[in-house]
Amino acid sequence: MQRIIPAILTADPAELREGLKTLKGHANWVHVDVMDGKFVPNTSVNLFELGEASQIFNIEIHLMVESPEKYFEDCKGIGAKRVIFHLEAAKNPAEVLQKMEECGFQKEIALNPPTPVSKLAPYVERLDAVMVMSVNPGFQQQEFISDVLSKVSEIRRLKQDILVGIDGGINEQTIKQAFGAGVDYACAGSAVMKTSDPVAALKHLQELISQ
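Residue numbers for the sequence shown follow this note's numbering, so the first one is 24 and each next one is one higher.
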């Protein structure tokens, strides 16, 4: 099933809480960006600001951080279902995946726009999902990089039944292009959460992919 997952990127705990409150009853999954000011320039809210959100949503945590394994205990503590780390941020991806398996997360690797799919090959059999980044990570409201869409079919050649997501620059102009390339889900940040009516914006994007 093709799915739009609303994405929250903020350093303001109040904005995070308001976003979760707004989405309650309208989204099964929520994607939350975690940034350390090192791997990407910005910082974000503390994971524990999510409180008991995992009792309402399936929580996907996107770790845009150096040494992602240092965050796994906190991810486990807040009940994260799926955790994403960047291949570019991991000194030893195999060890990171081992720690994820010990925590019981669904395991997903994100690839930045310049990173070739071939870099995934040693790890793909251990993955539940791959995230194709269609912007450079760390900021919302960036322009969609359409060249990365060719990665979707390359990933499927490595592992046919893997879940493929896309993150960055998703809006009503780019959503059909993304799903046309074969992704299973798309994270929509500013196109949903920065609008005056996030619920209506989310429904609109869902309608576009069901047409």
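Where is the CB? At the ideal position from N, CA and C, for every residue including glycine.
Note that the coordinates shown come from a computational prediction; the quantities given were computed from them, not determined experimentally.
Item, Value
"Give a yes or no on whether the minimum CB-CB distance between Asn69 and chain D is below 9 Å.", "No chain D is part of this structure, which consists of one protein chain only."
"Under a Cβ-count criterion, where at least 16 other Cβ atoms within 10 Å of its own Cβ denotes burial, should Glu83 be classed as buried or exposed?", "buried"
"For the beta strand (DSSP E) containing Asp56, name the first residue and the last one.", "Trp52 to Met58"
"Leaving out five residues on either side along the sequence, give the residues of the same chain with a beta carbon under 7 Å from the beta carbon of Thr218.", "Ala224"
"I'd like to know whether the C-beta atoms of Leu172 and Ala201 end up nearer to each other than 9 Å.", "yes"
"Asp190 to Lys226, Cα distance in whole Å?", "18 Å"
"Taking Lys122 as part of the beta strand (DSSP E), name the residues at either end of that continuous run.", "Where Lys122 is concerned, there is no enclosing beta strand (DSSP E), although the alpha helix (DSSP H) it sits in stretches over Pro116 to Cys126."
"Whole angstroms is fine: what's the gap from Val187's alpha carbon to Leu181's?", "12 Å"
"I think Asn135 touches Glu111, with their Cβ atoms under 8 Å apart; what is that distance to the nearest whole Å?", "6 Å"
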